[in-house]
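J.:
Numbering (UniProt numbering), first residue to last: 1 to 236.
1. Taking Cβ positions, are residue 226 and residue 160 nearer each other than 7 Å?
2. How is residue 201 classed by DSSP in three states: helix, strand or coil?
3. Just to confirm before moving on: does the CB-CB distance between residue 133 and residue 105 stay below 7 Å?
4. Note down, in chain order, each residue of its chain lying with its Cβ closer than 6 Å to the Cβ of residue 211, except the 5 sequence neighbours on either side.
5. Would you kindly work out how many angstroms separate the C-alpha atoms of residue 39 and residue 62, rounded to a whole number?
6. Under a three-way DSSP split, which group does residue 207 fall into?
7. Anyone know if the C-beta pair for residue 237 and residue 195 falls short of 7 Å?
8. Can you tell me which of 85, 46, 53, 149 puts its alpha carbon nearest to the alpha carbon of residue 208?
9. Answer with buried or exposed for residue 188, where buried requires no fewer than 16 other C-beta atoms within 10 angstroms of its C-beta.
10. Taking the alpha carbon of residue 190 as the point to measure from, which residue in 183, 163, 43 has its own alpha carbon closest?
11. Residues bridged to residue 196 by DSSP?
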């Protein structure tokens, strides 16, 4: 009888202990309201920080995008300016290249015209109307004047032909002053000729032409005995 009572008490104690242990375990597994609020506060703070970081990143991205767009626009503008400058330089080089091709050769009388010119009472500019060559169009057949298109060294020649007892004589002029003379005189009748030439340093716009001396006469026909020619040697 005593043994039965002892085992009954022991069983009761074990049951109570098991229940207490289970209750303690359950209480440990359930979170405390204070801990939940702390976690929520941490999450809220983290989200706020992330939002702020996102805002900063968006602002930086917008600033970088605007800067890149400005740089691209500037590069486009510079490219346009460079293209315009290159086009201007190319046009200038083309004009300069064209200006360096200068050569002309002329005769004083047009085919079928009268053979004699002169004599005159004063020096007279000869107009070489028959153009054999006029590369660069620096010679004007209406005035008889060559105008230098570029600064450089030029060479000119004049050949005067005469017939009869009147002397031939003509000056090669640079601007307002004579440079050389082509002259020939003989007392007896017949053919006579005088020639000369010179290399000149000319500035842009300088003029070169031929003037017949007063009292002198020249002769020309379809064979072109009396000529005036010149060409650019090199630019300077």
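Backbone N, C-alpha and C define an ideal beta-carbon position, used for all residues, glycine too.
T.: Taking the coordinates as given:
1. yes
2. strand
3. yes
4. 123, 125, 171, 173
5. 34 Å
6. In this structure, residue 207 counts as strand in the three-state DSSP scheme.
7. Absent from the structure is residue 237, since the part of the chain shown begins at 1 and ends at 236.
8. 149
9. exposed
10. For residue 190, the closest C-alpha among the options 183, 163, 43 is that of 163.
11. 158
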